[in-house]
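Asks: So that we are looking at the same thing, I have put the structure below in structure tokens.
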Amino acid sequence: YSKTARHTNTNQTKQKIMSSFSIKGIIERIEETQTFDSGFAKREFAITTESEYQQTIKFEIVKGKNADKDKTKVLNDYQVNEPVEVWFDIRGNEYNGKVYNNLVCWKLERQEGASTPKQNDAVSRAEIYADPDDDDLTV
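Numbered per the numbering used here, the sequence shown spans residues 64 to 202.
This is the structure in structure tokens:
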């Protein structure tokens, strides 16, 4: 069958099997927003897990193509060393023969005992993925 049919079928399969994950940790660093010529923008941050074998894990929050969908600003209300829980999806794509994986945060919350969360602290999955074209990571 055609390449287009395989691509469509693959996208449908990805939607059916994709799961969400969450992890708790301490914010290690928060980067500035990166904006690309295509209009795509993302902001990366990293947390360090509080497990026996600590891991530093990088996440990204993506900005939609419309200015009113700029979820990268959520990180303005967080600081390094703050305890958080991150809900995320694993995204992957192939570009020029290489496979890239991204951990895309769709919800971020302070942990109990931390300062009181501000009104817009959490980013919902529905807000980030409301437009299916908004998660296109091709740069």
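Glycine included, each C-beta is placed from N, C-alpha and C at the ideal position.
These figures come from a predicted structure and were not determined experimentally.
Within 10 Å of its beta-carbon, does VAL167 have 16 or more other beta-carbons around it, so buried, or fewer, so exposed?
Replies: buried
Asks: Give, in chain order, every unbroken run of the beta strand (DSSP E) that is at least 3 residues long and sits entirely within the segment 122 to 179.
Replies: 146 to 158 and 161 to 173
Asks: Tell me whether the beta-carbon of GLU123 lies closer than 7 Å to the beta-carbon of LYS105.
Replies: yes
Asks: Out of curiosity, what's the CA-to-CA distance linking THR96 and GLU115?
Replies: 32 Å
Asks: How would you label ASN165, buried or exposed, when you count the other beta carbons within 10 angstroms and need 16 or more for buried?
Replies: buried
Asks: Do SER85 and GLU148 have their beta-carbon atoms positioned less than 7 Å apart in this structure?
Replies: Their beta carbons are under 7 Å apart, which means GLU148 touches SER85 by this criterion.
Asks: Who are the near neighbours of ASP92 in its chain, counting only those whose CB is closer than 7 Å to its CB and skipping five residues on each side?
Replies: Residue identity check: residue 92 is Arg in the sequence provided, not Asp. Counting only Cβ-Cβ distances below 7 Å, and skipping sequence neighbours, we find PHE108, ALA109 and VAL143.
Asks: Can you tell me whether DSSP reads GLN118 as helix, strand or coil?
Replies: Residue state, collapsed to three classes: coil.
Asks: Kindly list the residues whose CB is nearer than 8 Å to the CB of GLN174, restricted to its own chain and excluding five residues on each side of it in sequence; keep chain order.
Replies: Cβ within range, chain order: LYS87, PRO146, VAL147 and GLU148.
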